[in-house]
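Here's the structure we're looking at; comments come further down.
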Amino acid sequence: MADWYETFEHDVLVIGAGGAGMRAAIAAVEAGLSVGLVCKSLLGKAHTVMAEGGIAAALGNVDPRDNWQAHFIDTMRGGKLINDYRMVEIFAREVPDRVYELEQWGGLFDRTPDGKILQRPFGAHTYPRACHVGDRTGLELIRTLQDKAVHSRIEVYMEVTLTWLLKDAERIAGAFGYRREDGRFVLFRAKAVILATGGWGKVYKVTSNSWECTGDGCAMAYDAGAELMDMEMVQFHPTGMVWPPGVRGILVTEAVRGEGGVLRNSLGERFMERYDPKKKELSSRDVVARSIYEEVRAGRGSPHGGAFLDITHWEPEFIKRKLPSMYEQFLKLANIDITKSPMEVAPTVHYVMGGVRVEAGTGATTVPGLFAVGEVAAGLHGANRLGGNSLGDLLVFGKRAGEHAAAYVGGLRAAPQVDEHQAEEERTLLQRPFEGDGQENPFGLHEELQEVMSTHAGIARTGEGLAQGLEKVGALQKRVEGLRVGGSRLFNPGWHACRDVRFMLTLCEAIFRSAIERQESRGAHWRLDYPNQDPQWGTLNVVVYRDGKMKATTRPVPQMPLDLARLIQQTA
Amino acid sequence: MAEATFHVFRGDAKGGDLVTYGVPVTEGMVVLDGIHYIQAHLDGTLACRWNCKAAKCGSCSAEINGHPRLMCKTRVDDFKGEPITVRPMKAFPVIKDLVSDVSWNYRVNKQIPPFTPSPYDPGPWKMYPEDVERLFEFRKCIECFLCQDVCHVLREHDGFDRYMGPRFMVRVAALEMHPKDTLSRTDLLRGSGGIGFCNITKCCEEVCPEHIHITDNAIIPLKERMADDYFDPWRSLLRVFGKKKEPRGT
């Protein structure tokens, strides 16, 4: 073994320690395997902590009419029917058990007067379905899983960035990267790898996402030969903060609308009555985000280019109890008391529905031994994710991916072998910004990329704009070779940003290629040159793969069996 | 455009010094924005931790003009044009610049016996709002470790081998007062937890960005619970056979 890197060995390596990664690691360790869990931040800081509103699960505690079929229908219809119906069925059936399991592990939810888990209404859910604790549900989920994980035999590696998946012929053999703290290189040997690396909202300028959301896992999977699916589907959450500029994009939870918050334009009109008279503010996210965008375009926006979200009709005490972080956030960061004045909000990039293409029940990708789960995996949400469906996704498919990775490892005849040359090549790439005479600043390049994405792949798109965007991404891809940083490998954010930018460029190319391919408007994908939903496209997913260079094509959406198709039709 | 003066600690475990930067001020800007500006435009090697920028993850703890605070929640205009000095948390060893080594906290957390419900009480559980609401305060903790940073026992007396610190008193309180937990952790509190070292100065409460009443609602009730178990066996028995998990002193 070479002495320029540290080596660790596990049966299963989980990359990413948000909700999905931790749930997967717990499942794999419970199957009796040796499990390594890698996170880029400290444990418990992953983007999941920022989830506010709730976990959607058809417990029927607030409205007994709710059941898995209703959750199935809402999710399929919300996703405009290009979801993988098998994933949605598994999800809707299993998520109540995962919520109760969380409670058994010490998680605490808001309660109904008769002692059950309280549920609140969320956009496009037919019944109140979001299990929650105030507006910090994500923190509760991650803390509960963290407490469970630290008392298991899971080996946690904090502040480690992995950048390359190692393969033995076609199979996964491990991963390579570096410790953020001191820049030491690390090589993990593993029989199976589970990607739980979340999304890539940081490719956009206005986003609710943390620095971590640069899509490393998705890009690594692509580099390793996996297929990506529905990359054009980027969710704009309707309500991000807009003012002051420093807080632009920070999320205002959907729970504000769930608890009765009303959207108004500059004329004071409750404009959602125009766009979705039935559900109004509780319409799906794509519809609400587009409506705000339309109001601003028509000149009826708020002073800083958004809309007003008003909850002042409730008692101050109720607001402070139900939405404590929102109250605190606006008071501290925007000088606004939300019990007295409305909030100013505008759409912000929040979630990606697309990602690595996986098998419905197992999370297996097209690369043997490589699994993907949570936001990095595609299929469950189709063209639009409903609020509360992400936290449920993590739990249901986290558990399944952990179990199936364990089964895969159990079925291996011989352990895969690591080829050190693959690591050597990646090291050369990683070290390049310290050498040579390039002049490109990684932060500057990142900012330019964000500008390109916001201009050409924003909420409203055209074929022409997308083609221009793709060309600009190509130009940035050439400039990435000239990246230059100073200092050493010791905790060096500039150096870290260099690799992140490469990952993001790959994903942006995939977003553009997929968005050009899908010539219709569906869910989050809104084409001004193809303004209507096209039934022919409703049977197709867009898939990106590598064949020398990046290519986009289509694959048929899995055909629903009659009983499920009938469920959807009955409620149409 | 107005400019703010930032004095930022630059250095590592071997030592370091304050370095001065001029940062353009925008409306509503927070200290973390200033640090990000320095990274992007003046020196890309400046190390800091952050994640959510919305006071939910507790990553960007630092000492700003001497006060332990979250950088994402500290407004630049609060300083009214005065220079802003940013240092890493003092109680923990520096790794580089504003990043300190907080791994001790993770080791301590591992020693706390986890949530342990009765194996004979499978869910779904009935728990009433009044059973759980008092625990929400403790569960709000974002693990920013500012309370640990400011605790005298740790900061001034280097008591890392004697006292778990306020964060973990909050953690133990959340477990001890959980209506479905069946374990007693008073042995731990009295032993390696070192609850006796806390002399109720309430510094931890003052710096908590989540406004958790660490001393009043967690530490004092735990001290009373421990005193009962060790010096008042009757009350201890009452708790075992009577109504379970009643916090006293709140």
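So the sequence lines, in the order shown, correspond to chains A and B. Numbering-wise (numbering that gives the first Met the number 0), the first sequence opens with residue 0 and increments by one. Numbering-wise (numbering that gives the first Met the number 0), the second sequence opens with residue 0 and increments by one. Cβ atoms here follow ideal geometry from the backbone N, Cα and C, with glycine treated the same way. Small disclaimer: the values here were computed from a predicted structure and weren't measured.
- Per DSSP, the continuous alpha helix (DSSP H) segment holding serine 389 (chain A) begins and ends at 388–409.
- Per DSSP, the beta bridge partners of tryptophan 163 (chain A) are A:Phe175.
- The contact set of methionine 126 (chain B) on chain A, defined by CB atoms closer than 7 Å, consists of Arg110 and Gly114 in chain order.
- Between alanine 509 (chain A) and methionine 219 (chain A) a beta carbon distance of about 13 Å is seen, past the 8 Å cut, so the two are scored as non-contacting.
- If you look at leucine 332 (chain A), you'll find it in the alpha helix (DSSP H) that goes 323–333.
- Rounded to the nearest angstrom, the gap between the Cα atoms of isoleucine 337 (chain A) and threonine 311 (chain A) is 7 Å.
- Neighbourhood of methionine 176 (chain B) in chain A, by CB distance below 7 Å: empty, with the nearest CB roughly 11 Å away.
- Closest option to histidine 212 (chain B), judged by alpha-carbon separation, among B:His177, B:Ser191 and B:Arg166: B:Arg166.
- Residues of the same chain with a CB within less than 7 Å of the CB of serine 33 (chain A), apart from the 5 flanking positions on each side, are His9 and Asp10 in chain order.
- At a beta-carbon threshold of 7 Å, none of the residues of chain A lie near glutamate 2 (chain B); the nearest stands roughly 16 Å away.
- With a cutoff of 8 Å on beta-carbon distance, phenylalanine 175 (chain A) and glycine 386 (chain A) are scored as not near each other.
- With a cutoff of 8 Å on beta-carbon distance, glycine 354 (chain A) and arginine 22 (chain A) are scored as not near each other.
- In summary, the residues of the stretch 25–44 of chain B whose CB is separated from some CB of chain A by less than 7 Å are Thr25, Glu26, Gly27, Met28, Val29, Asp32, Gln38, Ala39, Gly43 and Thr44, in the order they occur in the chain.
- Contact annotation, histidine 303 (chain A) with threonine 361 (chain A): C-beta distance approximately 46 Å; criterion of less than 8 Å not satisfied.
- Taking a Cβ-Cβ threshold of 9 Å, none of the residues of chain B is close to asparagine 264 (chain A); the smallest such distance is about 23 Å.
- Taking the C-beta atoms as reference points, proline 346 (chain A) is found no nearer than 8 Å to aspartate 167 (chain A).
- Per DSSP, glycine 14 (chain B) lies in no alpha helix (DSSP H); the unbroken beta strand (DSSP E) holding it starts and ends at 14–23.
- When the beta-carbon positions are compared, cysteine 212 (chain A) and leucine 227 (chain A) stay at least 8 Å from each other.
- At least one CB atom of chain B sits nearer than 8 Å to the CB of lysine 44 (chain A).
- Pairwise C-beta distances place the stretch 483–494 of chain A in contact with the stretch 431–443 of chain A, as three or more of them are shorter than 8 Å.
- Identification of residues in the stretch 470–489 of chain A having a C-beta nearer than 9 Å to some C-beta of chain B yields Val484, Gly485, Gly486, Ser487 and Leu489, given in sequence order.
- Shown here for histidine 70 (chain A): same chain residues with a beta carbon closer than 6 Å to its own, the five before and five after excluded, namely Ala57 and Ala91 in chain order.
- Under the Cβ criterion of 8 Å, glycine 245 (chain A) is counted among the residues facing chain B.
- Around the beta carbon of isoleucine 141 (chain A), a 10 Å sphere encloses 16 or more other beta carbons of the protein chains shown; the residue is thus reported as buried.
- Under a 10 Å Cβ-count criterion, aspartate 186 (chain B) is classified as exposed, with fewer than 16 other Cβ atoms of the shown protein chains found around its own Cβ.
- At a cut-off of 8 Å between beta-carbon atoms, glutamine 558 (chain A) makes no contact with chain B.
- Secondary-structure assignment with DSSP links asparagine 540 (chain A) through a beta bridge to A:Arg554.
- Per DSSP, methionine 342 (chain A) is one residue of the beta strand (DSSP E) stretching across 342–351.
- The stretch 35–42 of chain B makes no contact with the stretch 554–561 of chain A: fewer than 3 CB pairs, one atom from each, lie closer than 8 Å.
- Chain A has no Cβ within less than 8 Å of the Cβ of tryptophan 103 (chain B).
- With a contact defined as Cβ atoms closer than 8 Å, phenylalanine 8 (chain B) and proline 87 (chain B) qualify at about 6 Å.
- DSSP places lysine 477 (chain A) in no beta strand (DSSP E) but in the uninterrupted alpha helix (DSSP H) bounded by 462–478.
- Contact between the stretch 359–374 of chain A and the stretch 319–327 of chain A is absent: fewer than three C-beta pairs spanning the two stretches fall below 8 Å.
- In this structure, DSSP gives arginine 170 (chain A) an extended state, which the three-state scheme calls strand.
- Just so you know, the alpha carbons of proline 534 (chain A) and aspartate 62 (chain A) end up roughly 34 Å apart.
- In the DSSP assignment, arginine 224 (chain B) falls within the unbroken alpha helix (DSSP H) covering 219–230.
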